[in-house]
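Only one structure is covered here, and it is reproduced in the block below.
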Amino acid sequence: MATNTSEADGITLFGSFTSSSTYKPMLYLALARLTFSFRTVNLKYGAQKEADYLGVNRYGQVPALRHRGLTIVQSNVILDYMARTTGHFAGRTEQEQWTAREWLSWEADNITNVAKVRHYSRFRQVDPAVMDYFRPLAEAAIGFVDAALAGREWLVGDGPTIADIGCWGRMVFMAEGGLDIARWPHVQAWSRRLAAMDGYALPYDLIPKKDREVVPA
Ligand SMILES: N[C@@H](CCC(=O)N[C@@H](CS)C(=O)NCC(=O)O)C(=O)O
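Quick note, the sequence shown lines up with residues 0 to 216 if you use numbering that gives the first Met the number 0.
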């Protein structure tokens, strides 16, 4: 059954259709079965750098979350915030909760290389030397997650947490960067476990192209 906290508490997510950083909190909200408002920020036309949006996110990027009068930016901080306030996917024990946050910090340093390879493959042509630099870093990050998942189903504890949502949420576009998930069997099995969860959808099916009120079925 859908949790209906956001009607009273007013969750609004600002994001963009093609953005892995947007997909992370979108996936959280979908898996947690939360109702929220989606506001699209058109990156193609530079809406993220316009004054009204800079008033929401000083970094001029998506995503941003508004809830209970607070504004929260940076996708991993948003995940941590939502886990703390809605109680979903936080980790069962205090140790698990800290370990999940630790993964998010690692993700920002490392899985971001997967996003760069995808970005330079799909949106912006760069000198091949740039790709030669980032591709091995991306592969190493995916390899690290693959090794961490050997013999276990989830990155932290025995259930899905914001660590899984944050790491997979940025890796999800890896095929667009020519990174074939079949090379990393534990990652592939983990992605299938995530895909089997109620509410899961891939980014292009999940992130609206226009402003929308999202109510889980
Ligand atoms: N560290 C940020 C990264 C956000 C980010 O890179 N957003 C991209 C889309 S995935 C963006 O807004 N790009 C447009 C720009 O930087 O002008 C986060 O995790 O929220």
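Ideal Cβ positions, reconstructed from N, Cα and C, are used throughout, including at glycine. Treat the numbers as computed from the prediction; the structure is a model and nothing was measured.
CA-to-CA distance, residue j to residue i, given in whole angstroms
i    : j    : result
R211 : Y203 : 15 Å
S20  : V113 : 12 Å
G9   : N109 : 32 Å
R91  : Y80  : 16 Å
E138 : A89  : 27 Å
I71  : I77  : 6 Å
Residue i: CB within 8 Å of a non-hydrogen atom of ligand 1
i    : result
V61  : yes
Y203 : no
V113 : no
L42  : yes
A107 : yes
K23  : yes
Y58  : yes
K48  : yes
Start-to-end residues for the beta strand (DSSP E) that takes in residue i
i    : result
H66  : A63 to H66
V213 : R211 to V213
Start-to-end residues for the alpha helix (DSSP H) that takes in residue i
i    : result
T111 : T111 to R121
Cβ-Cβ separation, residue j to residue i (assumed contact under 8 Å), whole Å
i    : j    : result
D163 : W153 : 6 Å
A63  : F13  : 4 Å
Beta-bridge partners of residue i, as assigned by DSSP
i    : result
R100 : According to DSSP, R100 bridges with nothing at all.
I71  : L64
L12  : F37 and L64
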